[in-house]
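Asker: Before we start, here is the structure in question, set down as structure tokens.
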Amino acid sequence: MIHYDLVNVVLMRLPSLNAIRAFEAVCRHGSILKAAEELNVVRGAVRQQIATLENHFGRKLFTRDGRRLVPTLQARAFAEASAAAFDILQRAAFELDGTAANRIRLGVPSAFAVWWLMPRVAAMQASLGDTVDIVPMTIVEPLQMHPELDAVIMGGEYRPAAGITALRFMEDEFGPVATPSLAATLSRDPVAMGVLTMLASRSVPKLWDEWFAESGTPPVVFSRAQEFEDLLLALAAARSGIGIALAPRASIEDDLKRGHLVAPYGFISRPSGYSFCCRMPDAKRPAFAALSGWLLRCGTPA
């Protein structure tokens with residue numbers, strides 16, 4: 001009897017699940033409007049749920065950054081735990097009623113999908129059958145931000161998250177790349193890159209900074225910079241001779257083999273490599289285990 005009383009006390013302290021769902025959606029979108037659209041309710045209902053949750057905890061859960069709502073540090077941790085809990089419940093419900101999907105919606109960075117995964121897709125289907133839907137991601141974001149996806153492949157962007165398991169299946173390297181004719185104009189000192197146009201991507205905005213830091217190269221002041229929405233576009237611009245781009249080797253291996261691009265300063269190892277990320281309950285399912293095993297066989301394990 002005491003045991004059940006204690007359980008009831010704990011449950012009574014939990015806030016409304018509807019309030020938690022609204023809060024988690026606002027955290028993902030940074031917007032009450034977008035959260036309301038996802039939940040198919042009016043904005044006032046979402047505001048009311050947030051107010052209910054703030055009254056429950058006795059504190060503000062968001063700060064404002066321009067037009068975007070940003071969760072506080074404590075609220076962010078609660079949002080991650082909430083997202084993981086909802087994922088577990090949703091997949092448990094699928095298992096219970098027998099509607100668990102047999103297909104995997106796999107989010108993949110677009111450049112990695114085009115230049116590494118798609119050339120291997122026939123081998124993947126021969127091994128796994130037609131069970132994987134590849135969803136290119138222009139902006140690579142963690143799985144907890146994409147409930148519509150079953151798994152994602154993450155590069156240097158990966159950060160551990162509650163309820164998510166990550167299998168590192170391949171090492172990678174990265175470095176500046178350009179056409180052979182442009183590279184021939186450069187000296188051995190990376191400062192020489194400054195005469196070229198720096199090609200960058202909004203999908204991986206810190207890639208150049210990471211290379212400077214990890215290679216021990218002093219940041220170069222470029223005469224001009226050009227930014228593209230997607231790394232694919234930045235690499236296409238490099239291939240056409242517009243300037244020099246910073247690229248993960250796995251995304252341009254075919255260009256290197258064909259001599260379309262060269263790396264005048266070589267490549268350095270990216271310690272994070274590439275990881276296959278899925279929700280913990282899914283990791284035990286046969287389809288996910290088969291896909292992770294195939295990636296390990298095709299990749300280069302550490």
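Under full-length UniProt numbering, the first residue of the sequence shown carries the number 1, and numbering increases by one thereafter.
Beta carbons: idealized from backbone N, C-alpha and C, even for Gly.
1) Hey, how far is the Cα of Leu182 from the Cα of Ala92?
2) Let me know the secondary structure DSSP gives Pro218 once reduced to three states.
3) Could you pull out every residue in the same chain whose Cβ sits closer than 7 Å to the Cβ of Val220, ignoring the five residues on either side in sequence?
4) Whose C-beta lies closer than 7 Å to the C-beta of Leu117 among residues of the same chain, with five residues either side of it excluded?
5) Where do the ends of the alpha helix (DSSP H) carrying Pro180 lie?
6) Out of curiosity, what's the CA-to-CA distance linking Met1 and Phe169?
7) In whole angstroms, give me the CA-to-CA distance for Ala83 and Glu24.
8) At the level of alpha carbons, what is the spacing between Glu173 and Gly155?
9) Which runs of the alpha helix (DSSP H) fall wholly inside the stretch 115-157 and span at least 4 residues, in chain order?
10) Does Asp282 come out as helix, strand or coil in the three-state DSSP assignment?
11) Applying the 10 Å Cβ sphere with the 16-neighbour rule, what's the burial state of Leu106?
12) Over what stretch of residues does the beta strand (DSSP E) that includes Asp172 continue unbroken?
13) Is residue 303 helix, strand or coil when you go by DSSP?
14) Contact check, Gln49 vs Ala75 under 8 Å by CB: the rounded distance?
15) For Thr52, which residues from the same chain have a beta carbon less than 8 Å from its beta carbon, with the 5 sequence-adjacent residues on both sides left out?
16) How many whole angstroms separate the CB atoms of Leu291 and Val132, which I take to be in contact at a CB cut-off of 8 Å?
17) Please classify Asp130: is it buried, with 16 or more other beta-carbons within 10 angstroms of its beta-carbon, or exposed?
Answerer: Short version:
1) C-alpha of Leu182 to C-alpha of Ala92: approximately 55 Å in a straight line.
2) Assignment of Pro218 by DSSP, reduced to helix, strand and coil, places it in the coil class.
3) These residues qualify, in order along the chain: Pro190, Val191, Met193, Gly194.
4) Excluding positions up to five away in sequence, the list reads Val108, Ile134.
5) Boundaries of the alpha helix (DSSP H) harbouring Pro180: 180-183, taken from the DSSP string.
6) Legend: pLDDT at Met1 = 46, less than 50; position of this residue unreliable, value from coordinates given subsequently. Taking the straight line joining both Cα atoms gives about 50 Å.
7) A direct Cα-to-Cα measurement between Ala83 and Glu24 gives close to 7 Å.
8) If you take the alpha carbons of Glu173 and Gly155, they lie about 11 Å apart.
9) Taken in chain order, the complete alpha helix (DSSP H) segments of 4 residues or longer contained in the stretch 115-157 are 121-128.
10) For Asp282, the three-state secondary structure derived from DSSP is helix.
11) By the Cβ-count criterion, Leu106 is buried, with 16 or more other Cβ atoms from all chains shown falling within 10 Å of its own Cβ.
12) Unbroken beta strand (DSSP E) run through Asp172: 164-177.
13) The structure shown does not extend to residue 303, since the chain spans only 1 to 302, so no value can be given for it.
14) No, Gln49 and Ala75 are not in contact; Cβ-Cβ is about 14 Å, not under 8 Å.
15) Closer than 8 Å at the Cβ level, and outside the excluded window around Thr52, lie Pro15, Ser16, Ala19.
16) In this structure Leu291 touches Val132 by the C-beta definition: roughly 6 Å separates them, less than 8 Å.
17) Asp130 is classed as exposed because its beta carbon has fewer than 16 other beta carbons within 10 Å across all chains shown.
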